[in-house]
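A.B. asks: Sharing a structure, written as structure tokens. Questions coming.
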Amino acid sequence: MRLAAARLAAVAGLAVCIAGGIAGCASDAEKRERHEARARDFLKEGKPKEALIELRSALKLDPQNAELHLRVAEVLEAGGNLKDAIFFYQEAVRLAPQDPRAALATARLLYWDDPKRAEELIDGVIARDPGHAPAYIRRSELALARGDAASALEAARTAVEKAPQTHMPHFQVGLVHRARIRERELRKQPPDERLFQEALAAFEKGLDVAPEDARTEEIVRGAIERAFVLASWPARRAEAGAAFQRALELAKARESVIEQVRVLREAQQYAQNIGDVELERWALEAQIALEPRSYAAWGRLAGLTEDDSVLQRLVETLPDDERAHVLYARILWSRGRQDEAVAHLREVEGDTEDAVPLLAAQAEFLVESGRLDEARPLVARLEGEAPERPETLDAVSLLAMRERRYADAASVLRRLIERRETARAQHRLAEAEYRLKNHAPALVAVNRALELASDDERMQMLRLKARIEVAAGDPEAALLTVRRLRGLRGSATIAPHDVPMVARALYRTNRPEAARALLREALAGEDPPLSAVLLYLSREAARDPEAAREVLARAIEKYPDHPTVLQHVVQADLANGDVERALARAGDAVKANPGNARLHRVHAYALSSAGKPEEALAAAERALELDPQLPEVADMLVALLARLGRRDEAVERLEREARESRLGIPGRILLARLHILGGREPRAVELLESAIAERADLPGAKNDLAFLLAKSGGDLERARRLAEEARAALPRSAEVADTMGYVYLKKGLAEAAVDQFRAALDLSPENSAIWATAQYHLGLSYKALGRAADARLAFERSLATAVDFPEASEARREAESLAAAGAS
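Here it is as structure tokens:
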């Protein structure tokens, strides 16, 4: 039956061919030739992706064609896809082992990863054809990769001897001389005029002898390299601009858009590096004339002018282009004209076919400027109208990051990267994973971001990488990353804003003296980073109180209203017995900044320490009202109410407000804490769920809810998500780290729990209640892991504290049980 059907299909196909004429049924060879011709045209037009589609189509028709494999590999290599390129090169070698082109192309991609195999391929070609000049060029390139300039020059000169009337051997001689020039520069040796002369002569000779049918990219590359020789030659640097223009004329004569773009980008980068505004403007204008949608060129050109003339040309040239309008708005934003940027995007929203990029840009601007209430409806609209568009996912992730919903952000970013991978998306994913304490995936993401990033983007990524490495317990790696960062900055000194990060790495590698010296040097400067001040105080105040007082005096003068600095100063005043001064400082700060919740918290601390619980209660209530997610305020309020004997009265009042639907989020969080202390946990869960449903950025409430869910054996997966979000938002909170560990323990992840309980111990004052609780929980984790002796020690340490803590009776019971079992 199947055979009959096949025959019928063949007869039907033949009938179609006869009816439509022979031209309608071209052979596979003819179809392949058409695909190849279209590929050549696309490459001339600067459309490598389209060319690659045509070449792959041709390859399907003739899969054993080594030449097609070679051409596909060349296009892939030009586009930077080296992994796939090497596969196709190796296929070409397999299909045509005697063809030197495939072998030499494969060798070129193996210089760094497998130099021995590269050498074997090159030697094989020379053995088969001792006069093959390209093989000696590859041998020269491999020698350069190995740092052997003398062997590289010898091989290049041999290539010239074998083929004196071809261009590439001469170009290779020039490249070796350029490498020798660069080597002298790195060694801080004076320029050698002879090397410049020989390099220039080699490139000029190559251009002179190049045949008409030479590959365009090779000829243009030689002309660009000639320009680079002049650019690096002090005596003739002024001729570099004209040399780039000559290279452009060569690309134009050969009608290659790709090579014209290459020349212009090289010229623009060179001009930018040396500050030649005239040459850079020429290169940018030429790029725009060649391709009006060269958005990066428009952006750079606008940066060379102070007025809006380039911006006006941009939107006049591309009036219906959404990306052009977004770029216009971004440049306005960068110039401090935020309202104009948003207004422009709103104005043109209805004039373009695709509003999504405009809405996403508006949302980004609003989030970045902290106008979250305006951003949320835009993001919701994007999610409703275009939920899977990359622009939407980018905006959603940005809002989630700003709201400290790091787990949500990471999930969305992974979807975004599946659709459109960018350095920015990977960088943001790394930040989200870092905030979630997922250090291994954070490092994977930041390393990928660095691979995709431009030089301008890499600095922030390297800083993040170093922070992740410090947090992951690999300070040595962090110090190496900082070294890379210093190299990128072109300076041997550490930038002031990088000092705290480096100092933390030094402390963690047991080099406190080096860390201390680095911090002192930074603090001695005119404008020390606040983070360096705070790190010094936290690490060195106990060791050197006198030096700490001097640092504090300068800090409070420069940052009189900074809550953390004020907290340190108030604590110092109280420790010195100067209660009135502490109260005056805190009170003055609150009067100057009545809307700052953290200052009200410091004021409450000062009042409580001064024996004024009623006033402290009012200050703490105001702090919680201003910022319901502020750490430790709810605990402070509960302690003050207990101290005043008004806990039950507070519960009754707050419950009455709740029944009358008048209880705001701060009141619900406080009431939940009071119910937890009273053992009424189901009601606490209701209140916390209500608060979180209304506001997503409440890490304290999420922490409490995660603990209650884990304790009750409820939704442990949800408890994990809540705890991780709280941990990411409050990385310095011992209580939150303890909750994270407790949730892991309940989920059966005892090893992960141990890490969190150790972090809680590091973050809490020794012998405090939270320290004792974390010791007890650490003991439970060790017990779950079968480490009875470690468990008993942790339980006994928790009981050795001078404070009462909620789990004391359970800790005593566990310790006694293990002692009876003989654990030691």
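Position 70 (the sequence shown) corresponds to 69 in numbering that gives the first Met the number 0; numbering is contiguous.
Cβ coordinates follow ideal geometry from the N, Cα and C atoms, glycine included.
Remember, it's a predicted structure, so these values are computed and weren't measured experimentally.
Expressed to the nearest angstrom, what Euclidean distance is found between the alpha-carbon atoms of Gln-171 and Ala-209?
C.D. replies: 14 Å
A.B. asks: Evaluate Thr-316 with the Cβ neighbour count: other Cβ atoms within 10 Å of its Cβ, from every protein chain shown; 16 or more gives buried, anything less gives exposed.
C.D. replies: exposed
A.B. asks: Taking only three categories from DSSP, how would you classify Gly-298?
C.D. replies: helix
A.B. asks: What residues in its chain sit with their C-beta under 7 Å from that of Tyr-832, if we drop five residues either side in the sequence?
C.D. replies: The question about residue 832 has no answer here: the residues shown for the chain are numbered 0 through 823.
A.B. asks: Can you tell me whether DSSP reads Pro-499 as helix, strand or coil?
C.D. replies: Helix at Pro-499.
A.B. asks: Could you check the C-alpha separation between Arg-811 and Tyr-506 for me, to the nearest Å?
C.D. replies: 36 Å
A.B. asks: When we look at the beta-carbon of Arg-183 and count the other beta-carbons within 10 Å, is it buried (16 or more) or exposed?
C.D. replies: Arg-183 is exposed by the Cβ-count criterion.
A.B. asks: Hey, is the stretch 618-628 in contact with the stretch 659-672, meaning 3+ C-beta pairs nearer than 8 Å?
C.D. replies: yes
A.B. asks: Can you tell me where the alpha helix (DSSP H) holding Asp-407 begins and where it ends?
C.D. replies: Per DSSP, Asp-407 belongs to the alpha helix (DSSP H) from 405-418.
A.B. asks: Which word fits Thr-304, buried or exposed, when buried means at least 16 other C-beta atoms lie within 10 angstroms of its C-beta?
C.D. replies: exposed
A.B. asks: Just the Cα atoms here: how many angstroms apart are His-602 and Gln-570?
C.D. replies: 11 Å
A.B. asks: Under 9 Å between the Cβ atoms of Ala-683 and Asp-714?
C.D. replies: no
A.B. asks: As a quick exercise: from Ala-101, Ala-758, Arg-423 and Ala-399, pick the residue whose alpha carbon is nearest that of Glu-76.
C.D. replies: Ala-101
A.B. asks: CB-CB under 6 Å to Ser-139, same chain, minus the five flanking residues each way: which ones, in chain order?
C.D. replies: Apart from the 5 residues on each side of it in sequence, Ser-139 sits with its Cβ closer than 6 Å to the Cβ of Ala-151, Ala-154, Ala-155 and Gln-171 in its chain, given in chain order.
A.B. asks: Please report the residue range of the alpha helix (DSSP H) in which Asp-27 lies.
C.D. replies: Asp-27 -> alpha helix (DSSP H) spans 27-43.
A.B. asks: Identify the continuous alpha helix (DSSP H) that holds Asn-272 and give its terminal residues.
C.D. replies: 256-273
A.B. asks: Could you say if the stretch 730-739 and the stretch 415-429 meet the contact criterion of at least three C-beta pairs nearer than 8 Å?
C.D. replies: no
A.B. asks: Does the structure place the stretch 228-247 close enough to the stretch 263-282 that three or more beta carbon pairs sit under 8 Å?
C.D. replies: Proximity of the stretch 263-282 to the stretch 228-247 meets the contact definition, three or more beta-carbon pairs being nearer than 8 Å.
A.B. asks: I need the DSSP call for Pro-544, collapsed to helix, strand or coil.
C.D. replies: helix
A.B. asks: Can you grab the Cα-Cα spacing for the pair Leu-779 / Ala-439, in whole Å?
C.D. replies: 26 Å
A.B. asks: With three or more beta-carbon pairs closer than 8 Å as the criterion, would you say the stretch 651-660 touches the stretch 627-638?
C.D. replies: Counting Cβ pairs under 8 Å, fewer than three are found: no touch.
A.B. asks: Please say whether Lys-48 and Val-256 have beta carbons closer to each other than 9 Å?
C.D. replies: no
A.B. asks: In the DSSP assignment, find the unbroken alpha helix (DSSP H) run with Gly-586 in it and report its ends.
C.D. replies: Under the DSSP assignment, Gly-586 falls in the alpha helix (DSSP H) whose first and last residues are 578-591.
A.B. asks: The alpha helix (DSSP H) with Ala-237 in it runs from where to where?
C.D. replies: From DSSP, Ala-237 is part of no alpha helix (DSSP H); its letter is neither H nor E.
A.B. asks: Within a Cβ cutoff of 7 Å, which residues of the same chain sit near Ala-814, ignoring the five residues on either side of it in sequence?
C.D. replies: Arg-791, Phe-794, Glu-795 and Leu-798
A.B. asks: Between the C-alpha atoms of Asp-393 and Arg-423, what's the straight-line distance to the nearest angstrom?
C.D. replies: Approximately 9 Å between the Cα atoms of the pair.
A.B. asks: Tell me the residue span of the alpha helix (DSSP H) that contains Pro-96.
C.D. replies: For Pro-96, there is no enclosing alpha helix (DSSP H), since its DSSP letter is neither H nor E.
A.B. asks: Arg-600 to Ala-581, Cα distance in whole Å?
C.D. replies: Their Cα atoms are separated by approximately 13 Å.
A.B. asks: Between which two residues does the alpha helix (DSSP H) carrying Trp-281 extend?
C.D. replies: 276-289
A.B. asks: Quick one: is Lys-115 buried, meaning 16 or more other Cβ sit within 10 Å of its Cβ, or exposed?
C.D. replies: With fewer than 16 other Cβ atoms within 10 Å, it is exposed.
A.B. asks: Along the chain, which unbroken stretches of the alpha helix (DSSP H) at least 4 residues long are found entirely within the stretch 312-372?
C.D. replies: 321-333, 337-347 and 355-367
A.B. asks: Could you name the residues of the same chain whose beta carbon sits closer than 8 Å to that of Met-500, not counting the 5 residues immediately before and after it, in chain order?
C.D. replies: Arg-462, Ala-465, Arg-466, Val-469, Ala-477 and Val-481
A.B. asks: My output table needs one value for Ala-622: the three-state DSSP class, helix, strand or coil.
C.D. replies: helix
A.B. asks: For Ala-50, which residues in the same chain have their Cβ closer than 7 Å to its Cβ, ignoring the five residues on either side in sequence?
C.D. replies: Ala-38, Phe-41, Leu-42 and Val-74
A.B. asks: Rounded to whole angstroms, how far is the Cβ of Ala-585 from the Cβ of Ala-605, which I believe are closer than 8 Å?
C.D. replies: 4 Å
A.B. asks: Which of helix, strand or coil does DSSP assign to Phe-170?
C.D. replies: helix
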